[in-house]
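The next block holds one structure in the form of structure tokens; read it before the comments.
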Amino acid sequence: GKPEQAAIAASALIAEGKPTSLLLRIRGFSRLALNLIDDALADFTKATEVNPGDAAAWAGQAEAEKILRRYGDAVQHFTRALDIDGSFAGAYLGRANVHAARTDTGAAEQDRAAALRIDPDLTPDVDKPGGWRLDNRLTLADLPFSS
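All residue numbers for the sequence shown refer to the working numbering, where the first residue is 269 and numbers rise by one.
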């Protein structure tokens, strides 16, 4: 499938000595899609070391931490992504999901509202019956690729 192909292609370029934050991020999100969470976390962590200004890499790291239920780290890293790019709706939404998991409804609603102000098209994704869904994951399609 496509996640496997993306992970293989990114791995080949990284092996050639080109570990850019973009390639590491692509491989990280591919690994998330393949449910290789620890490997994805390692890729995102390396991406933030290679380029500390890569908001999407910080959000990817936070996404992996969210899945691993490392909520404190996830909030910190979603916040770092937002410090870099305050218009990153996916990072607000990810942080909202973490706040909801920690039963901090007020903070969750604030971040959810911020995400919807930035991207009103997120509404179908967040207004599902049953409330918050921690299995919602950021994907490559959710990311800004300006960095």
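Every residue gets a Cβ at the ideal spot worked out from N, C-alpha and C, and that includes glycine. Remember, it's a predicted structure, so these values are computed and weren't measured experimentally.
In this structure, how does DSSP classify F356 when only helix, strand and coil are distinguished?
Three-state result, F356: coil.
Below 8 Å between beta carbons: does that hold for A330 and G362?
yes
Rounded to the nearest angstrom, what separates V318 and S279 at their Cα positions?
Across the structure, V318 and S279 are spaced so that their CA atoms are roughly 16 Å apart.
Rounded to the nearest angstrom, how far is the Cβ of R370 from that of Y339, given a contact under 8 Å?
5 Å
Given L300, which residues of its chain have a CB within under 7 Å of its CB, disregarding the five upstream and five downstream residues?
A308, E331, A332 and R405
Taking the alpha carbon of R293 as the point to measure from, which residue in R348, T313 and T373 has its own alpha carbon closest?
The residue with the shortest Cα to Cα distance from R293 is T313.
Run the CB neighbour count on T316, radius 10 Å, all protein chains shown included, and call it buried at 16 or more, exposed below.
buried
Based on Cα-Cα distance, which residue from G296, T288 and L290 lies nearest to A275?
It is G296 whose Cα lies nearest to the Cα of A275.
Taking W326 as the reference, which of D351, R337, I305 and N303 has the closest Cα?
D351
Thinking just about the alpha-carbon of each residue, which of S298, I282, D353 and G285 is nearest to the one in K270?
S298
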